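*Asks:* Under the UniProt record's numbering, the residue at position 93 of the sequence shown is numbered 93, and the numbers go up by one with no gaps. One structure follows; several queries about it will come next.
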Amino acid sequence: MVPPPDKRQRVETYFDPLPFWYPPLEEEGLDEGAFPLHAVTQRPMPMYHSWGSQNAWLRQILARNSLYIARQTAEALGLADGDWAWVTSPTGRIRVPVRLMDGVEAGTVWTWNAIGKRSGAWNLSTDAPEGTKGFLLNHLISELLPERNGYRHANADPVTGQAAWYDLRVRVEKAPPKERAETMPRFPAQAMPPGVEPPPAILRTGAAFRSASRGVRS
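As structure tokens, then:
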């Protein structure tokens, strides 16, 4: 397949040894008035990757996430701490719990990444908080940029290919009170793989060692 004629120019434009700012590629032709906020994600240290959900102790620390909004921004939207809201981008829509935060920039909202899971994923119970109270911004991020010269580039850094986690623009609206306090979208629960045992209701790691040590002392 012959590469599009502007691909070489794209690399030449952005491949610079010194950092420089340029408008996010995803915002080309975007109605910024309809999507006035930037949305970003950060990775929490106790749950840096999704497989942290396999650690029962980490799950006690962080098994759900919220969308953090500047207090003045939230108040202008009619949102109070603990409310639920719909977050909409040009390509998707999610329902999330909201927390007010004084230390976030007024035009930016953010959340932890790697917390939200599909129900049943990672051998978690289908009613685990990761699936009902956790969410990801991934549903709002387009994989491809708008068409240009008959070709759609990946929505990623033009040099490294890193996904455009920090180029997302959204709007936030308060969810109607009658709606369920669960994150959306929801998908059918993921089936457990063959041969995998369900997790125990109570974790008793180390019980065998304690029994053995008592036997030695006796």
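Glycine included, every Cβ here is placed at the ideal spot set by N, Cα and C. No experiment lies behind these values; they were computed from the predicted model shown.
With distance defined between alpha-carbon atoms, name the residue in Gly92, Trp110, Ala121 nearest to proline 199.
*Replies:* Per the Cα distances, Ala121.
*Asks:* Using the Cα positions of threonine 91 and serine 142, report the straight-line distance between them to the nearest angstrom.
*Replies:* Threonine 91 and serine 142: Cα-Cα distance of roughly 6 Å.
*Asks:* So if DSSP puts lysine 204 in a beta bridge, which residue, or which two residues, is it bridged to?
*Replies:* In the sequence as displayed, the identity of residue 204 is arginine instead of lysine. Beta-bridge pairing links arginine 204 to no other residue.
*Asks:* Run through DSSP, which three-state label would lysine 7 get?
*Replies:* Residue state, collapsed to three classes: helix.
*Asks:* If we ignore side chains and look at the alpha-carbon of each, how far apart do glutamate 105 and glutamate 179 end up?
*Replies:* Answer to the nearest angstrom: the Cα atoms are 29 Å apart.
*Asks:* State the DSSP-derived secondary structure class of proline 97, mapped to helix, strand or coil.
*Replies:* If DSSP states are grouped into helix, strand and coil, proline 97 belongs with the strands.
*Asks:* Taking contact to mean 3 or more Cβ pairs, one atom from each stretch, closer than 8 Å, check whether the segment 126 to 143 and the segment 72 to 86 are in contact.
*Replies:* The segment 126 to 143 is not in contact with the segment 72 to 86.
*Asks:* Are the CB atoms of proline 129 and arginine 64 nearer to each other than 7 Å?
*Replies:* Yes. Within cutoff.
*Asks:* State buried or exposed for methionine 1, treating a residue as buried only when at least 16 other CB atoms are found within 10 Å of its CB.
*Replies:* Only weak support is given to the placement of methionine 1: the predicted model assigns it a pLDDT of 49, under 50, and the question is left unresolved by the model.
*Asks:* If you count every other CB in all the chains shown that lies within 10 Å of the CB of proline 36, and 16 or more means buried, which is it?
*Replies:* By the neighbour-count rule (16 or more Cβ atoms within 10 Å), proline 36 is not buried but exposed.
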